[in-house]
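Going by the working numbering, the first residue of the sequence shown is number 2, and it counts up by one from there.
Think of the CB as a built atom: it goes at the ideal place given N, C-alpha and C, for glycine as much as any other residue.
Okay, so here's the structure we're looking at.
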Amino acid sequence: YGRYSISLRHLSRNAANKLTILAIAWILTVLEVPRDIPLPGSSVSGPVAYAIRNVRVDKSFLEQLKTGSLKDSPFLCVGVLNNLLPTLPVSEVDLLAHAAFSAPKNPTNDAMIMSIFGYMRCLGIPRLASEQAFKVLEDVDASSWHRQAITPSTLCHCQPQAARDLLRRMITYTQEQHRQQQARQRERRQNKNGTTVQATEEEKPLLKMSTHKMVLQLLQTASLQGSIDTQFIEKCAAEGLLETPPAIRSFIVDVLTTVVQDLFIINGDARDTSGMWEILSPFVDIAQRLSEDIALTDEQWNAARAGTRPMPDIEEERHIASSLLSNSAHNIPSSLKRAWAEKVVYPVITGHVRARTKWLRTAIAREGGSQDLEESAWAICGSGMPVATSFQTFANYLPEDTSLLDILERDVLGFLLRPTCQKLLDLMEKNHKPGWERETYGKNVKLLTDFAVSDGEAAGVGARSSIHSLMVKPNSPSTLVNSCSRSLQRIGMTLLRPENAQVHTNLQVVTPYSSFRRFIDQTLAPVSTQSLHRHVIDLLSRFLSEVESAEKRDSASTLNGGASYWSLVIILRLLVLRDGTNTESHDSDWIQARGRQLVSLAELVANGGCRHIQYPHAFSPYLSLARVQDTVPVCLAITQAPICPTAPGWLRALCFDTAATLIRAQKYNMKSSGTASRDLANLRKVWQSDQDAAVRWLALSLTE
């Protein structure tokens, strides 16, 4: 409306009053406000009161404006009034608001009224037209005008006590309307025989969701501005004024989370912060449920166990939990992260797992399973619960608490529950008609057992990676590092048990201990990693000791009894050589030592008779050195005396084959190193001059 603005600098008081009367009369004519509306107060001598009672613009004049270039002429008078409002007393402005809001409702009138109301708000008078603002707030047909009725600026202009009163009034109103809406919905469900007319009348909501959200946003704004304190929010929560419909429950969690975190940072340790956590405690409890919208009592659980009521439903969408766990910003102070982990993150995740475990055990008892079968069951987190990311974010701040670590470990070792889950599925097949898995109960059973009975090729990858990343993360607390190391060791040792040599249901996966190899390749020692952390080296050394002991034990009992361990022995021996603590220039002693280590593997293969493992070609991904410049010197060492035997035989052939495989594995990196390329050319010359024709042929193969 800037093009309608006029200058009042040279207007006299009398002229300004006349122009005010004209603008107001024009507005009231467009709004069709009658002259006889009741006016609050006893003063009727001002220009606004005079215009209301005595002045209107001729409608023919308005019609002429509509046919001209001023098609938006209804708003011309509003733009003129904007410049005149500061000259009016507050009582007159309030009287104008009263008259405008008494106009009949239609889209044009609503737009004009809210435009006038916006100009009134710009005056910065907190209580001006407050009752009219609440009329807009309470009007469910007012579209989004409620956002212009009471704004953050309104609270900003209020004194703290006035802001608290205003907020409390809005919160109380929304809560009353919400409860009436709930009562109406309950009555509608109970009275299923109601007429169509009654149902249509009840379609109109008592409170718009957007209005409820706006009030909560104002609560957040007021807390950040300092207009309200923690006690105010605590009192509202204690009185149940912060209850919301399920559709916007996650929104109130976002608001309260921000409020609690900001107040924690502001207050610090200056006061007892226990009350702040009480604000979030109801939502922490909700986030632990099987379904966030349904609370279950012990009596209901017992009835489900006995089969006298349906089993509780399970929802994978975790809106409240996601809101609580996603508000873990990395910029918040460590003290808040520790408190957040203790009060929110850990209770939400562990309580959620307990609820799912309780459901699984209840289902076993319901289907007639034994007590031992019931006690052996446990569940993992649902897909909507970010356990791995929460563990990575908060584990450093509660290193002594291993509850999340235990949950992640169970996720990795879910196949251990396969017999229990399979027995439950067998009971379901026995007790229910065909097609039970398509019913809600059957779907939930499949949901909680699928992690154990299905092919676990990709199961637990994220959990393993989270544990590993914290173990090798710099500056991780020693307590946490030790806990992660023990957890990874338990996982590895479990996968190395003879009964777990094949943990897949996919019959195409027939390689013994393939799960352990994936655990090594995907988590502890990826092929692309040239040097390993010392904690990883320690773990691999323990696994190597276990594998070698098992191989010797089984081979001593039967011919080649430890054959299933031969590949693991070679892999682990190669991996423990990737010590990342020594990447400096290596002298001749180091070269000779590494050569002996590689030749010892060739001796193991040659003397053990394990030809079928295809050493060294099948192990080329593990034949790597931290420094590409060391490749050729090591190859020379393992193909020359005294390390390599001079007499022809399988061991000598394996030594040369190992060297050739190592070069091929490093060939791409060697091309980018001038030193390595020159050394490789010299190595070819040495091999080409060897008396053994097989060695000369091997030299030619390196030119490919």
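Residue i by DSSP, collapsed to three states: which one?
i, result
"residue 407", "helix"
"residue 1", "No information on residue 1 is available, as it lies outside the stretch 2 to 705 that the chain covers here."
"residue 263", "helix"
"residue 142", "coil"
"residue 533", "strand"
"residue 294", "coil"
"residue 658", "helix"
"residue 373", "helix"
"residue 693", "coil"
"residue 580", "strand"
"residue 462", "helix"
"residue 201", "Note that residue 201 scores a pLDDT of 48, beneath 50, so its modelled location is shaky; the value from the coordinates is reported in the next line. The answer is helix: DSSP assigns residue 201 an H, G or I state."
"residue 512", "coil"
"residue 336", "helix"
"residue 615", "coil"
"residue 272", "Any answer about residue 272 is weak, because its pLDDT of 49 lies below 50 and its placement is not dependable; what the coordinates show is given next. DSSP places residue 272 in coil when its eight states are reduced to three."
"residue 3", "Its pLDDT being 45, under 50, residue 3 is placed unreliably by the model, and the measurement read from it follows with that caveat. Note: residue 3 maps to helix in three-state DSSP."
"residue 241", "coil"
Does the beta carbon of residue i sit closer than 8 angstroms to a beta carbon anywhere in chain B?
i, result
"residue 671", "Structure shown: chain B not included; a single protein chain is present."
So, is residue i buried or exposed, given that buried needs 16 or more other C-beta atoms within 10 angstroms?
i, result
"residue 202", "Unreliable placement is indicated for residue 202, whose pLDDT of 48 sits below 50; no coordinate value is reported for it."
"residue 78", "buried"
"residue 199", "Low confidence applies here, because residue 199 scores a pLDDT of 49, under 50, leaving its location unreliable and the question unanswered by this model."
"residue 261", "buried"
"residue 241", "exposed"
"residue 698", "exposed"
"residue 422", "buried"
"residue 512", "exposed"
"residue 576", "buried"
"residue 83", "buried"
"residue 307", "exposed"
"residue 557", "exposed"
"residue 289", "buried"
"residue 680", "buried"
"residue 81", "buried"
"residue 552", "buried"
"residue 701", "exposed"
"residue 62", "exposed"
In the DSSP assignment, the alpha helix (DSSP H) including residue i goes from what residue to what residue?
i, result
"residue 99", "91-101"
"residue 86", "Counting along the chain, residue 86 falls outside any alpha helix (DSSP H), and DSSP gives it neither H nor E."
"residue 634", "632-639"
"residue 678", "675-689"
"residue 214", "210-226"
"residue 161", "161-191"
"residue 606", "589-609"
"residue 348", "347-367"
"residue 385", "Segment: none, residue 385 is in no alpha helix (DSSP H) and carries neither H nor E."
Using only the alpha-carbon positions, how far apart do residue i and residue j sit?
i, j, result
"residue 446", "residue 319", "19 angstroms"
"residue 651", "residue 691", "17 angstroms"
"residue 18", "residue 225", "42 angstroms"
"residue 140", "residue 117", "18 angstroms"
"residue 283", "residue 348", "12 angstroms"
"residue 253", "residue 326", "14 angstroms"
"residue 16", "residue 173", "46 angstroms"
"residue 598", "residue 265", "57 angstroms"
"residue 357", "residue 448", "10 angstroms"
"residue 301", "residue 376", "20 angstroms"
"residue 412", "residue 384", "12 angstroms"
"residue 592", "residue 578", "12 angstroms"
"residue 197", "residue 189", "Here the model assigns residue 197 a pLDDT of 46, short of 50, so the residue's position is not dependable, and the following value carries that caveat. Whole-angstrom Cα-Cα distance: 12 angstroms."
"residue 24", "residue 205", "37 angstroms"
"residue 453", "residue 360", "16 angstroms"
"residue 271", "residue 230", "Interpretation of residue 271 is limited by its pLDDT of 49, a score under 50 that renders its predicted location unreliable; no figure is taken from the coordinates."
"residue 614", "residue 518", "14 angstroms"
"residue 502", "residue 472", "26 angstroms"
"residue 380", "residue 404", "14 angstroms"
Among the options, which residue has its Cα nearest to the Cα of residue i?
i, options, result
"residue 162", "90, 670, 223, 391", "223"
"residue 667", "108, 631, 104", "631"
"residue 137", "129, 150, 673, 391", "150"
"residue 572", "617, 557, 596", "617"
"residue 91", "53, 62, 659, 49", "49"
"residue 181", "258, 561, 245, 324", "245"
"residue 12", "88, 662, 62, 47", "88"
"residue 351", "324, 392, 315", "392"
With respect to 7 angstroms, is the separation between the Cβ of residue i and the closest non-hydrogen atom of the ligand HEM below this value?
i, result
"residue 355", "Among the components modelled here there is no ligand, and therefore nothing to report on the ligand HEM."
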